[in-house]
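Q:
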Amino acid sequence: MLKLQNLTKTYKTGDKALQGINFEVPAGQVVGLIGPSGAGKSTLIRCINRLVEPSSGSIWLGDTDLTRLNGRALRQARRRIGMIFQEYALVERLTVMENVLSGRLGYVPTWRSFLRRYSPEDISQAFALLEKVGLGEHFNKRADALSGGQRQRVGIARALEQNPELLLVDEPTASLDPKTSRQIMRLIQGACQERSLPAIINIHDVMLAQQFSDRIIGLKAGEIVFDGAPDELTNEVLTRIYGDEDWTQLRGEGEDHGEDGGDGAKVDLAEGV
Amino acid sequence: MALQSTGRSTWKRPPMLFTNTLWRRLIYTGALIYLVLAVQSVEVDWQRVYLGLERGWRFVQGFLVPDFTTRWRDIHAGLIESLTITVTSTVAGILISVPIGIGAARNLAPAPVYLACRGIITLSRSFQEIIIAILLVAMFGFGPFAGFLTLAFATIGFLSKLLAEEIESCDRSQIEAIRATGATWWQVVNYAVQPQVMPRLVGLSLYRLDINFRESAVNGIVGAGGIGATLNTAIDRYEYDSAGAILILIIAIVLVVEYSSSYIRRWVQ
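If you want it as structure tokens, here you go:
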């Protein structure tokens, strides 16, 4: 589905943000991308939809090499890739509906989007998505009138409105409380399962990454230092990714739940936090 | 955990400019000496000031007893002409400034377009309105048309520059998000940039309307039509009471524009 071959990115300043990145994501797989700040997580997902220009290597989405596209072809490839942002990146002064419909911009002629004349299919899909993320009534509110969690839901609806073949998610929970973070992650995970969408989720919170992804990729200084299942993420691996730290203390809670899974009440409590 | 003293208890903010102490003292002393010498070189003719005071006082008296009636027809015609110049030049200026402003924003325009648009802005901003007015009066003759062209030209420099700066300081993530959907350049402008800059553009346009009205009063003095021409004639004829009336009307109109623009600005936020 998505295949990265020898991807590198060197910034003009000489900083090597990514070096020799190789991995493949099959349909429906949710990949959690973890790593310390500045490891190149954000650069990596932005290279895929070319918000950042990769220096070398290739990125295959189906049969298209994304690194070779320009102009119209690049725009047509971008509309196949939905993106969800840190701090939501909604257009604050537009209505919720306009924000969701902006997911169709790649498919709609400029004059139609200028007059906000979208097709009935686009509009009914937008209403359905808003209903699904729990914002059915808010379509005419301005985006800046919503709370953080609500805004990220609009962000998810906008990405899904594209009917994407791939989802790129950049720190979706960075400024949300723990409960809302989990709800948002669950929404993203659900959408991926439902549509067998592959997703790359760039995330700081190791516990969230483990809980909601099928596979974890650990990035350090622009290189992949771990690629495996979430439960293979041992203390030794975390040290390899982030450097020395007392990981048992951080993860103590999570491991406890893994062992005495019979204690249902306790697990539920942790879920709700 | 008790804190251990490091033995240091004084601290001074380090100088940000001229970090070398000797140079810093030399530069500051030099600047002070220059200021004193410069002030001393200004020649003031106190006798002329005394004479002027008397004339100024007559002006103030005229202002206190304004005469709206004697020259009302001239004043009325002048005001209408000024307002016409103001509105037409502001509208024309805005229409031309918006594309130039977008072209002069580094985050939207390619380098050649950026340089060309910045060039136009610099050209428009490098001449004061009066100088352009004198030139255009020479080219197109006395009257409101020269005034209209002058103010439209000056509006371009003002509005495009501030609009371009507003676009450049837009939230990048909103632009990125729209671009990531596969939107064209026009769609990015329409969906990500326009909503962010619109309130500021409306505010700046209203502010420019206000400036253009005041400028149209000044430009009249060099022959570019409007209330300024009427004011100039009144002063030349020593009719300070009529001049006072004109000034009061200018102030009143500026006040009305000011209040209504702040109202409109609040409404578009």
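Taken in sequence, the protein lines are chains Y and U. Letter by letter, the first sequence follows residues 1 to 273 of our numbering. Letter by letter, the second sequence follows residues 1001 to 1269 of our numbering. Beta carbons: idealized from backbone N, C-alpha and C, even for Gly. Please read all numbers here as calculations on a predicted model, not as lab measurements.
Which of the three DSSP states, helix, strand or coil, is assigned to residue 1020/U?
A: Coil.
Q: What ranges does the beta strand (DSSP E) occupy inside the segment 6-71 of chain Y, keeping only unbroken runs of at least 3 residues that lie completely in it?
A: DSSP runs (the beta strand (DSSP E)) wholly in the segment 6-71 of chain Y: 16-25, 30-34, 56-61.
Q: Using a 10 Å radius around the Cβ and a threshold of 16 neighbouring Cβ atoms, would you call residue 1251/U buried or exposed?
A: Residue 1251/U is exposed by the Cβ-count criterion.
Q: Runs of 4 residues minimum, wholly inside the segment 1149-1229 of chain U: which ones carry the alpha helix (DSSP H) assignment?
A: You should have 1172-1180, 1185-1188, 1194-1219.
Q: Is it buried or exposed, residue 1190/U, if we count other Cβ atoms within 10 angstroms and call 16 or more buried?
A: Buried: at least 16 other Cβ atoms inside 10 Å.
Q: Using the C-alpha atoms, what's the distance from residue 45/Y back to residue 116/Y?
A: Going by the C-alpha atoms only, they are around 30 Å apart.
Q: Closer than 8 Å, Cβ to Cβ, to anything on chain Y: give me those residues from the segment 1177-1198 of chain U, in chain order.
A: Hits within the stretch, in order: 1177, 1178, 1179, 1180, 1181, 1182, 1183, 1184, 1186, 1187, 1190, 1191, 1192, 1195, 1196, 1198.
Q: For the beta strand (DSSP E) that contains residue 1007/U, what are its first and last residues?
A: Element bounds for residue 1007/U: n/a, residue is neither H nor E.
Q: What separation, rounded to the nearest whole angstrom, lies between the Cα atoms of residue 261/Y and residue 154/Y?
A: Below a pLDDT of 50, predicted positions are generally treated as unreliable, and residue 261/Y, at 38, falls in that range; the measurement from the model is reported next regardless. If you take the alpha carbons of residue 261/Y and residue 154/Y, they lie about 35 Å apart.
Q: Under 7 Å between C-beta atoms, does residue 113/Y make it to chain B?
A: Looking for chain B here will not work: the only protein chains present are Y and U.
Q: Anything in chain Y within Cβ reach of residue 1174/U, meaning under 8 Å, just list it in chain order.
A: Residues of chain Y passing the Cβ test: 89, 90, 91, 92.
Q: Taking only three categories from DSSP, how would you classify residue 271/Y?
A: Bear in mind that the predicted position of residue 271/Y carries a pLDDT of just 41, short of 50, making it too unreliable to give a figure here.
Q: Please tell me whether residue 103/Y has its Cβ less than 7 Å away from any Cβ of chain U.
A: Judged by the 7 Å Cβ criterion, residue 103/Y is in contact with chain U.
Q: For residue 169/Y, which beta-bridge partners are listed by DSSP?
A: DSSP lists 84/Y, 201/Y as partners of residue 169/Y.
Q: Smallest Cα separation from residue 1106/U: which of 1098/U, 1118/U, 1095/U, 1096/U?
A: Checked all of 1098/U, 1118/U, 1095/U, 1096/U; the closest Cα to residue 1106/U is 1118/U.
Q: Could you tell me which of 104/Y, 131/Y, 135/Y sits nearest to residue 121/Y, measuring between CA atoms?
A: Taking only the C-alpha atoms, the option nearest residue 121/Y is 104/Y.
Q: With 7 Å as the threshold, decide whether the Cβ of residue 85/Y is near any Cβ in chain U.
A: It does; some Cβ of chain U falls within 7 Å.
Q: Which of the residues in the segment 46-58 of chain Y, read from start to end, lie with their CB under 8 Å from any CB of chain U?
A: Under the 8 Å Cβ criterion, the segment 46-58 of chain Y contributes 49, 51.
Q: For residue 32/Y and residue 137/Y, I'd like the C-alpha separation in whole angstroms.
A: The alpha-carbon atoms of residue 32/Y and residue 137/Y are separated by roughly 32 Å.
Q: Hey, is residue 106/Y's beta-carbon within less than 7 Å of any beta-carbon in chain U?
A: Answer yes: the Cβ-Cβ gap between residue 106/Y and chain U drops below 7 Å somewhere.
Q: Going by beta-carbon coordinates alone, are residue 30/Y and residue 1/Y separated by less than 7 Å?
A: Result no, Cβ atoms of residue 30/Y and residue 1/Y do not sit closer than 7 Å.
Q: Am I right that residue 168/Y and residue 49/Y are in contact with their C-beta atoms under 8 Å? What's the rounded C-beta distance?
A: With 8 Å as the limit, residue 168/Y and residue 49/Y qualify as a contact, their Cβ atoms being about 6 Å apart.
Q: Please tell me whether residue 68/Y has its Cβ less than 7 Å away from any Cβ of chain U.
A: Chain U contact via Cβ: absent.
Q: Identify each residue in the segment 152-166 of chain Y for which the Cβ-Cβ distance to at least one residue of chain U is less than 9 Å, and report them in chain order.
A: Answer in chain order: 155, 158, 159, 161, 162.
Q: Measure the C-alpha to C-alpha separation of residue 256/Y and residue 224/Y and round it to an integer number of angstroms.
A: Residue confidence is low: residue 256/Y scores 45 on pLDDT, short of 50, so the model does not pin down where it sits. Its coordinate-derived value is still stated next. Taking the straight line joining both Cα atoms gives about 29 Å.
Q: Looking only at C-alpha atoms, which of 171/Y, 246/Y, 233/Y sits nearest to residue 37/Y?
A: Checking every option, the nearest Cα to that of residue 37/Y belongs to 171/Y.
Q: Just the Cα atoms here: how many angstroms apart are residue 1069/U and residue 1153/U?
A: Residue 1069/U and residue 1153/U: Cα-Cα distance of roughly 35 Å.
Q: Locate the alpha helix (DSSP H) running through residue 1054/U, then write down its first and last residues.
A: Its alpha helix (DSSP H) spans residues 1046-1064.
Q: Entirely within the segment 1075-1141 of chain U and at least 3 residues each: give me those beta strand (DSSP E) ranges in chain order.
A: None, since the segment 1075-1141 of chain U contains no complete beta strand (DSSP E) of that length.
Q: According to the Cβ coordinates, are residue 1192/U and residue 108/Y closer than 7 Å?
A: Contact: no.
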